[in-house]
Each structure stands twice: as structure tokens, then as C-alpha cells.
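Remarks on the structure that follows.
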Amino acid sequence: YEYIKKMLIEIFEKFNVRGVAFDRWNFEYLRQRLIWEGINEDVFISFGQGYASMSQPSKEFEADVISHKLIHGRNPVTRWMVNNVAIETDPAGNIKPSKKKSREKIDGIVAAIMAKGLAMVDDENKGKSVYEERGMVTL
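The sequence shown begins at 23 in my numbering and counts up one residue at a time.
Given below as C-alpha cells:
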């Protein structure tokens, strides 16, 4: 937790972070530590792992992958995780990544889908891309 906390604090110092999507499972300790370090608690946004939260961003993420819009700098871990993802579908056609059905780890992809979900509801910059103003940033 200490390493992750330090990394997140560095990211908050370097970038204008407007939101951090988190899965409620096992995050509270780290969230409290970050708040104690001065991070505004309003940036932490609970993001469910069910169909209601994950379906639309999963569909858009999948479309980005298929259309080669997912730019990951040839990162082998990202490529590996994308290839590991298995999808669950409910009777209504909603989808979400399945950690149970996936061959190996997919945590980075789940995090990317959650970030996409937050970006989709960011009313503050509706219609405006941050990349139009400052260009691409690589972490």
C-alpha cells in the first residue's frame, strides 16, 4: 500500500487529476491514507464492477481495441492483458470483463475501462478533449 500511495501522490502532484475510479473492495484503507496526505476526497469515485457501471465503457473500450485506437506504446503487458480478457454477457446484452473466465490477469484493462467510464460522465469538459489543449502524456 505504501508504494501505491507514493506513486499516486506523485501522479497527483504532476497532473491535474479530476477523478479516480475505485472498486469498493479493499480500497478504504488506501483512500484514507491518501486523504490524510492531503488528497481531496472528492476525487475518489466509487465505480461498481457490475453490468450497470461496466457495460457501456466496456463496449467502447472493445471498439477502441478492435479499431486500433487503443494506443499503448507497444506495451507487452497491456497487449498480454487485452489478450487475456474474457467477457460476460447478461440476457439484456450488457457486457463486462470477467476475472473468473479470463485466462490470466486483466486488472490493467479493468482499470482502463473504469477510467473510460469516468471520462464518459465528465460533464465539466463535455465535447472537449484534454489532448486538444496539451497533447498526449505518457506515464
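Where is the CB? At the ideal position from N, CA and C, for every residue including glycine. Here the structure is a predicted model, which means the values were calculated and not measured.
Fill in: Which of helix, strand or coil DSSP assigns to Pro-113
coil
Worksheet item: Using a Cβ-Cβ cut-off of 7 Å (strictly less than) and excluding sequence neighbours within five positions of Asn-116, which residues of its own chain qualify?
Response: The beta carbon of Asn-116 is closer than 7 Å to those of Tyr-73, Ser-77 in its chain, skipping five residues each way along the sequence.
Item to complete: Return the first residue and the last residue of the beta strand (DSSP E) that Ser-68 is part of.
Response: 66-68
Discussion item. When you compare the CB positions of Val-107 and Pro-98, do they come within less than 9 Å of one another, or not?
Written reply: no
Worksheet entry | Segment limits, alpha helix (DSSP H) that includes Val-104 | Start and end: 98-106.
Worksheet item: Ends of the alpha helix (DSSP H) at Phe-83?
Response: 73-88
Item to complete: Can you have a look at Val-42 and say buried or exposed, based on whether 16 or more other CB atoms are within 10 angstroms of its CB?
Response: buried
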